[in-house]
DNA sequence: ACTCTGTTATAATATAGGTATAACAGGAGA
DNA sequence: TCTCCTGTTATACCTATATTATAACAGAGT
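Chains as they are written, first to last, in this note's numbering: chain B, 1 to 122; chain C, 123 to 244.
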């Protein structure tokens with residue numbers, strides 16, 4: 001999988017990494033049971049420090065996307081907690097839909113965006 | 123309008139403030155032309171520093187939600203840039219929908235959440 | 001033995017977030 | 001004019017976070 005890091009972004013490197021990996025799982029570029037690259041290897045190919053990658057992996061573990069095996073490294077393993085996830089999603093959506101609403105983006109346009117994005121998930 | 127700040131949150135105070143104000147505009151608790159409280163006054167009622175409020179207002183200005191008048195303070199004034207807004211929304215939605223997708227939240231459930239949230243915008 | 005894994009520890013640096021004081025300039029009202 | 005309230009700016013300080021840099025350790029595979 002191609003991971004693109006924007007060094008000019010104001011978003012923390014480890015969060016960019018986390019988000020890209022989550023999107024990689026959603027778009028089936030990573031499958032349940034797949035191993036992520038080792039922290040050292042990924043840090044090397046991206047050109048960042050090992051600890052930054054490790055931090056991203058630790059967050060992914062805490063959020064229930066991977067389990068870390070001493071032998072295989074970080075392995076995709078989704079821990080599903082639907083209630084918690086739905087509550088989190090709603091809270092995040094509230095903020096970004098409010099932004100759209102202020103700027104005259106209609107509900108229908110939002111639904112359209114959702115459809116567009118889900119096109120990529122298969 | 124009631125502004126609730128969570129001092130235990132890991133989200134920055136000025137960002138919490140910004141988000142609440144944006145949601146306040148979306149839910150019509152603030153109308154175009156309304157003045158926000160002065161930075162000192164709001165800081166006082168919330169119990170935070172003036173500069174933190176000022177930072178929130180500055181961000182709101184840059185993002186096109188208010189204009190600052192030396193007499194009236196920060197006044198709600200939406201600057202609509204649909205293309206820019208749509209692009210931003212899509213990027214943010216991509217991340218949070220990916221989270222949902224990983225956790226087996228269906229597209230229909232997302233559409234449902236959108237409907238729920240829009241119930242409050244009138 | 002060697003090499004790979006994640007993990008842990010420690011330190012240094014830079015940036016961001018938040019607070020504290022203080023001062024300035026412009027407009028409103030007495 | 002004097003006073004008060006506005007946002008704005010500057011400076012300083014403290015803390016937490018983000019990132020890098022080395023280094024070492026323990027477990028597992030070959």
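No residue lacks a Cβ here, since even glycine has one placed at the ideal position from N, Cα and C.
query: Strictly under 9 Å for the Cβ-Cβ distance: is residue 19 of chain B near chain C by that measure?; result: yes
query: For residue 95 of chain B, go through chain C and note every residue whose CB falls closer than 8 Å to its CB, in chain order.; result: 141, 144, 145
query: Take every Cβ of the region 170-178 of chain C, pair it with every Cβ of the region 211-229 of chain C, and state whether three or more of those distances are shorter than 8 Å.; result: no
query: Using a Cβ-Cβ cut-off of 9 Å, state whether residue 35 of chain B counts as contacting chain C.; result: no
query: Let me check understanding here. Comparing Cα to Cα, which of B:105, B:25, B:34 lies closest to residue 204 of chain C?; result: B:105
query: In angstroms with no decimal places, state the Cα-to-Cα distance between residue 97 of chain B and residue 143 of chain C.; result: 13 Å
query: Counting beta carbon pairs with one atom in the region 124-132 of chain C and one in the region 24-44 of chain B, are three or more of them shorter than 8 Å?; result: no
query: By Cβ distance below 7 Å, which residues in the same chain neighbour residue 54 of chain B in space, the five residues on each side in sequence not counted?; result: 39
query: Measuring CA to CA, which of B:60, B:27, B:75 is closest to residue 119 of chain B?; result: B:27
query: For the beta strand (DSSP E) holding residue 196 of chain C, just list the boundary residues, first then last.; result: 195-198
query: Based on the DSSP secondary-structure assignment, which residues constitute the bridge partners of residue 66 of chain B?; result: B:76
query: Give me, in chain order, the residues of the same chain whose beta-carbon lies closer than 8 Å to that of residue 237 of chain C; leave out the 5 immediate sequence neighbours on both sides.; result: none
query: Roughly how many whole angstroms lie between the Cα atoms of residue 234 of chain C and residue 99 of chain B?; result: 19 Å
query: Could you check the C-alpha separation between residue 198 of chain C and residue 187 of chain C for me, to the nearest Å?; result: 6 Å
query: At which residues does the alpha helix (DSSP H) containing residue 118 of chain B begin and terminate?; result: 107-118
query: Using a C-beta to C-beta distance shorter than 9 Å, which residues of chain C count as neighbours of residue 90 of chain B?; result: 235, 238, 239
query: Measure the C-alpha to C-alpha separation of residue 191 of chain C and residue 183 of chain C and round it to an integer number of angstroms.; result: 11 Å
query: Roughly how many whole angstroms lie between the Cα atoms of residue 11 of chain B and residue 19 of chain B?; result: 11 Å
query: Run the CB neighbour count on residue 178 of chain C, radius 10 Å, all protein chains shown included, and call it buried at 16 or more, exposed below.; result: buried
query: Roughly how many angstroms lie between the CA atoms of residue 195 of chain C and residue 136 of chain C, to the nearest whole one?; result: 17 Å
query: Indicate whether at least one CB of chain C lies closer than 9 Å to the CB of residue 110 of chain B.; result: yes
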